[in-house]
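Working notes, structure below.
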Amino acid sequence: RYGGEGIDLMPFLRGGKFYWDVPAGAWRVFYVIRSPYAPGAPEWVDMFSPESCRAMIHAVYQPHYDHFKEYFGNTFAGFFSDEPCFFNDFGGYYSIVGKVNMVLPYRDDLCELLAEAGGGANTPEQIRLMLPMLFYDHDGGAGPALRGAYMDVASKQFAANFTRLLGEWSRAHGVEYIGHIIEDQNTHQRLGHGPAHYFRALEHMDMAGIDIVLNQMIPGFTDVDHAAPVFANRADPEFFNYLLARLPASLARLTPAMRGRTMCEIFGAFGWAEGLPMMKTLLDHMLVGGINHFVPHAFSPKFPDPDCPPHFFARGRDRQYPAFGMLMRYMARLSHLLSGGNYLADVAVLYNAEAEWCGGRTETLQKTAKLLDRAHFAFDIIWEDLLPECAVTGDRLCVRAREYAALVVPESRLLPERMLAQLQALADAGLPVLVHGENAPAGVPNGVPAVLRCLDDAALLEYLEGLVSPSGRLTLANTTTGGSFAPGTAGDASLPLLKYYRAADNAGAEVLFLHSEDDFAPLRFTVELTDDRPRRIYDAWSGRFFAPRQDGRRVDIYLPPSGSVLLVSGFDTGDSPLAEYDYADNAPRPVRFDWERTTLVYPGHEVEVVPFAPGVDVTAQPGYESFHGIIRYEGMLELRPGDRFLRLTGVGEIASVSLNGVELGTEIGPECAFRLENCGTAKGGCFRLVLDIVNNPGHDLRDGFSTFLTLPASGLVGAMTTSRL
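What the sequence shown shows, in my numbering, is residues 1223 to 1947, in sequence order.
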C-alpha cells in the first residue's frame, strides 16, 4: 500500500533519465503506459472506441446486408453476439479492477470521463496523477472512488460503443439483435472476459440472454462446488443454480423494448454423456427461472466433431435423437405458455456490482438470491440505472410498470455516494430498504454509512413473510419427500429444492410452474393457492390437460426426482372429460412379466439377441461396455382389473412401450409412468409387452467433456409395477 499525493515526473525527464530531487521518505515510481494494442488480442474490437465498432460493422455486418438484403426481416431474423467482452485480460474469472499488472482499456479522454463520473471531485489533471490507484491499494479514500468511477465508465463505454451500435444498426436494417456475454461466476460484472455490467451490456439487445454450457450446472449439485471444464476447473452452484437465469429474466421484464423475451443457449459442451434426462432437467431449470426462448447447441455437419458435443442426430449415431424432437416440442409448448403475462414478484434485489468495484467486504448477489429462492419468495433484480426512475407509492417501490414491497441490498461495504443517496431517499420515503447482512454500506469517498435496516438470513425472511403478498411467494403444506400424501401431517415445509414461477395476465389466466431440483427423491406437497378457481394440470410432454386433486385453494402435487408440472387456470381446456392426474401415491403392486428375450439394436440397425433380462445393466456386461442403441425387452405382462398405470423405475434412459401392438408412448427416465388407456386392458389379462429403452450415447461416443459426468446404467435396472388412481 502507499499514501500521499502523486507527483508528475514527466517535467523531470531529460535525455531518457529523470532528474528529480527526491523528497524525504519512501517513494514508489509508477510508469503508466498507453498502448494501442491489447496483449493476446491485437485484432479485438476496442470497446472504448465507437470507431472500432463501426469498422467491425462495416467489415462484417454491412456485407451481409449488401448480399442478402431481400431476406432481412423475413428469412433472416437477425444477428447473435456470442460472448463479447473487453479481453484486456484472459485466462480466469477474476479480472477485477485493482488487479496488479492487468492491462486496462483506455481512451485519450479517459481522465475527463473519470472526473465526470466522480462528480467533479477531482480535475482531469488530478485524475491523471491518481491512475496508479487503479492497480495498487492506497491508504486514502480516493482509491475506491476512482476504481468505482473507472468501472462505471468502462461499463457505459461497452454498452454505448458495442451493443448499442450493433442493436441500432440491426433494427435500422429490419432485423433483431440478440446474444449473451460471459456471465460465469461474477464475470458479468468484471473486465477481461466480462463486459463490466450485465444489465448495461445487454440493454440494447432485443432479448436478454445467457448460456449454460461446459457442465457449469450438474443436476444434484446444489450446495457443493463441482469440477467442470472451465477456468480453475470449478463451478459454483450458488451462482449457476440461483442467479444465472434471474439476470436475463429481470432485465427483460424491466426493459419494455424486450417485451419480456429471454434467451438461453443450452446443452452445448456437456459431452455425449448429457442424455435427454439431463437436458430436460436443465431446460426445466431455465424455464422456472424465467427463460422463454432457447438456442439448442448444436447441429454439426461434420460428425464426429470434437467441438463442444453433444451434436444432435450425429449422422444416426445418437439413437436418442427421435425423442429429442419430443423434448423440443415440450420446450416450445412451455416457452409459449410461460411467455407474456405479469410475473408475480413482490421483492426487488439490488444488483451490487458497484460494491465489488469500490472494494471492501461484499457479499455476492447470488447469496441473497439463494436465500430468497429456497424460501420461495419471487424476486426481480434491479440495477443502479433504474434508481432515478423509482418512486415510492403507498410504501411500495414503483419502477417501469412493476411494483415491489421491499428492496433487498446484498451486504455491500462500500457503494458510490450517488447510489447510496438514492437508496437512502427511497428508505426515507417509506420503502423497506433491507440490507442482507451485518453492516449498512458506506458512501465512497466520504465513508458515511447509510441509515438502513440490516438483517441476517432468518430476520430477513421473517420480515418479508409479514410484508409480501400471497401471490409473491409460494405457500406449501403437507410436504414430504417420500411415501403418500398425509393431510394434516407436518413435514419439512421448506422444500428448499422446489422452484416455482407464477405469472398472470389481465384476462385472469394464471400459470404456476413447479420444478424439483431434487435429483434423488420425489416430492409430495400441497400448494396453497391465492383463489379457489378450478386448476388444471397441463402435461407439456403429451400436450394434455388433467384434473388435479383440489380442495378449495389447496391442490396436491407430486413431482418425481427432477420433475416438473404446470398448473393453469383461466384457460379453455375444452369440453372433453379430463382424466385424473397421476399422483403415484397408491402403493405400487409388483407385476408379473414373463420375459422372453432381449434384443440390442445398434445405431447401424444391426440386431443382436442377448441373455440380459430386466434388472441387468447392459453396459456393465463384458464386451458391451461401449454399447449405445435400443435395448428391447419382449415378453408377456399380466395385468389385473383396475390397473391404470404401468410404472418403471431405474430407466436408463428413455422408454417406449407397446401392449399388443398399441403404442403407449415414450417417456424420459429414470422414472416413467404409462397410462393404460385405449389398449383393452380394463378387465386385466395377459398382454404382449415390447419395451424399448435407449441408453446414454456417452457409453459409445466418448469425449473429454463427458469425463465430468457420471454415466447412467443402461436398460431397465429398476422395478416394473402397476398402480390405480
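Even glycine gets a Cβ: it sits at the ideal position worked out from N, Cα and C.
Confirm the yes/no value for this check: CB of residue i, any heavy atom of the ligand HEM, distance under 7 Å.
{"i": "Ala1454", "result": "As far as ligands go, the structure on display features none, and thus does not contain the ligand HEM."}
At which residues does the alpha helix (DSSP H) containing residue i begin and terminate?
{"i": "Glu1856", "result": "Segment 1852 to 1861 is the beta strand (DSSP E) holding Glu1856; no alpha helix (DSSP H) there."}
{"i": "Asp1374", "result": "1364 to 1380"}
{"i": "Tyr1552", "result": "1543 to 1559"}
{"i": "Val1510", "result": "1498 to 1510"}
{"i": "Phe2031", "result": "Residue 2031 lies beyond the range of the chain shown here (1223 to 1947); nothing can be said about it."}
{"i": "Arg1814", "result": "Not the alpha helix (DSSP H): Arg1814 falls in the beta strand (DSSP E), residues 1814 to 1823."}
{"i": "Tyr1722", "result": "Run containing Tyr1722: none in the alpha helix (DSSP H); it sits in the beta strand (DSSP E), 1720 to 1726."}
{"i": "Phe1234", "result": "Taken as a continuous stretch (DSSP letters only), Phe1234 belongs to no alpha helix (DSSP H), as it is neither H nor E."}
{"i": "Ala1339", "result": "1332 to 1339"}
{"i": "Glu1684", "result": "1679 to 1687"}
{"i": "Tyr1287", "result": "1284 to 1290"}
{"i": "Thr1590", "result": "1587 to 1596"}
{"i": "Leu1387", "result": "1386 to 1394"}
{"i": "Pro1272", "result": "1272 to 1278"}
{"i": "Glu1732", "result": "Looking at the DSSP string, Glu1732 is not in any alpha helix (DSSP H); the run it does join, the beta strand (DSSP E), is 1732 to 1738."}
What is the rounded straight-line gap between the Cα of residue i and the Cα of residue j?
{"i": "Ala1729", "j": "Leu1608", "result": "29 Å"}
{"i": "Asp1761", "j": "Lys1905", "result": "27 Å"}
{"i": "Tyr1315", "j": "Pro1417", "result": "12 Å"}
{"i": "Gly1342", "j": "Leu1689", "result": "40 Å"}
{"i": "Pro1346", "j": "Arg1369", "result": "15 Å"}
{"i": "Ala1263", "j": "Phe1309", "result": "7 Å"}
{"i": "Pro1638", "j": "Val1375", "result": "13 Å"}
{"i": "Gln1284", "j": "Ser1472", "result": "32 Å"}
{"i": "Leu1645", "j": "Ser1377", "result": "21 Å"}
{"i": "Ala1371", "j": "Ala1664", "result": "16 Å"}
{"i": "Glu1338", "j": "Phe1462", "result": "36 Å"}
{"i": "Gly1837", "j": "Glu1893", "result": "14 Å"}
{"i": "Arg1483", "j": "Pro1470", "result": "9 Å"}
{"i": "Val1832", "j": "Gly1826", "result": "17 Å"}
Would residue i count as contacting chain E if we go by Cβ distances under 8 Å?
{"i": "Leu1719", "result": "Note that chain E does not occur in the displayed structure, where there is just one protein chain."}
Sort the options by Cα distance to residue i and report the nearest one.
{"i": "Leu1682", "options": "Val1630, Asn1661, Gly1792", "result": "Val1630"}
{"i": "Trp1391", "options": "Ala1570, Gly1796, Phe1302", "result": "Phe1302"}
{"i": "Asp1922", "options": "Pro1934, Asp1914, Leu1911", "result": "Pro1934"}
{"i": "Phe1240", "options": "Tyr1253, Gly1247, Ala1248", "result": "Tyr1253"}
{"i": "Gly1874", "options": "Val1777, Asp1311, Pro1499", "result": "Pro1499"}
{"i": "Val1787", "options": "Ala1570, Met1373, Phe1768", "result": "Phe1768"}
{"i": "Thr1297", "options": "Pro1306, Pro1770, Tyr1287, Glu1305", "result": "Tyr1287"}
{"i": "Gly1442", "options": "Glu1460, Ala1672, Ala1454, Met1429", "result": "Glu1460"}
{"i": "Ile1876", "options": "Ile1279, Asn1344, Pro1544, Pro1523", "result": "Pro1544"}
{"i": "Ile1404", "options": "Glu1425, Asp1433, Asp1428, His1533", "result": "Asp1433"}
{"i": "Asp1839", "options": "Leu1594, Arg1412, Gly1872", "result": "Gly1872"}
{"i": "Leu1881", "options": "Thr1615, Tyr1855, Met1501", "result": "Tyr1855"}
{"i": "Glu1828", "options": "Gly1538, Glu1625, His1402", "result": "Gly1538"}
{"i": "Gln1504", "options": "Pro1523, Gly1659, Thr1444", "result": "Strictly speaking, residue 1504 in this sequence is Leu, with Gln absent from that position. That would be Thr1444, whose Cα lies nearest to the Cα of Leu1504."}
{"i": "Met1485", "options": "Ala1597, Cys1333, Ala1600, Asp1304", "result": "Asp1304"}
{"i": "Thr1477", "options": "Leu1736, Val1267, Trp1605, Ala1743", "result": "Trp1605"}
{"i": "Met1998", "options": "Ala1895, Arg1468, Gly1225, Arg1618", "result": "Outside the shown range of the chain (1223 to 1947) lies residue 1998, about which nothing can therefore be said."}
{"i": "Gly1512", "options": "Tyr1358, Leu1931, Gly1562, Pro1526", "result": "Gly1562"}
{"i": "Ile1852", "options": "Arg1869, Gln1411, Glu1830, Arg1866", "result": "Glu1830"}
{"i": "Ala1835", "options": "Leu1913, Asp1617, Gln1542", "result": "Leu1913"}
{"i": "Pro1692", "options": "Asp1568, Gly1652, Ala1672, Arg1468", "result": "Asp1568"}
{"i": "Leu1353", "options": "Arg1624, Ile1229, Glu1802", "result": "Ile1229"}
{"i": "Arg1223", "options": "Ala1248, Val1244, Val1614", "result": "Ala1248"}
By Cβ distance below 6 Å, which residues in the same chain neighbour residue i in space, the five residues on each side in sequence not counted?
{"i": "Glu1860", "result": "Arg1814, Cys1908"}
{"i": "His1519", "result": "Glu1487, Phe1489, Gly1490"}
{"i": "Gly1710", "result": "Caution applies to Gly1710, whose pLDDT of 37 falls short of 50 and renders its modelled position unreliable; the value that the coordinates give is listed next. Contacts found: none."}
{"i": "Phe1270", "result": "Pro1327, Arg1329, Gln1379"}
{"i": "Ala1806", "result": "Tyr1780"}
{"i": "Trp1494", "result": "Pro1531, Pro1532, Pro1919, Gly1920, Leu1923, Asp1925, Ser1928"}
With residue i as the anchor, note down where its beta strand (DSSP E) starts and where it stops.
{"i": "Ser1303", "result": "1300 to 1304"}
{"i": "Arg1758", "result": "1758 to 1761"}
{"i": "Thr1888", "result": "1884 to 1890"}
{"i": "Cys1894", "result": "1893 to 1897"}
{"i": "Glu1487", "result": "1484 to 1488"}
{"i": "Cys1908", "result": "1907 to 1916"}
{"i": "Pro1518", "result": "1516 to 1518"}
Excluding the 5 residues flanking residue i on each side, which residues of the same chain have their C-beta closer than 8 Å to its C-beta?
{"i": "Trp1242", "result": "Leu1231, Phe1234"}
{"i": "Met1480", "result": "Met1427, Asp1428, Met1429, Ala1430, Leu1473, Ala1474"}
Report all residues from its chain with a CB closer than 7 Å to the CB of residue i; omit the five preceding and five following residues, and keep chain order.
{"i": "Gly1857", "result": "Phe1815, Asp1816, Trp1817, Glu1818, Leu1911"}
Can you list, in chain order, the stretches of the beta strand (DSSP E) that have 3 or more residues and sit fully within the region 1601 to 1660?
Note on the region 1601 to 1660: whole beta strand (DSSP E) runs with a minimum of 3 residues are 1601 to 1604, 1613 to 1615, 1618 to 1621, 1624 to 1626, 1628 to 1632, 1636 to 1638, 1655 to 1658, in chain order.
- prompt: What runs of the beta strand (DSSP E), each 3 residues or longer, lie entirely inside the region 1418 to 1477?
  reply: Along the region 1418 to 1477, the beta strand (DSSP E) occurs as fully enclosed runs of 3 or more residues at 1430 to 1434, listed in sequence order.
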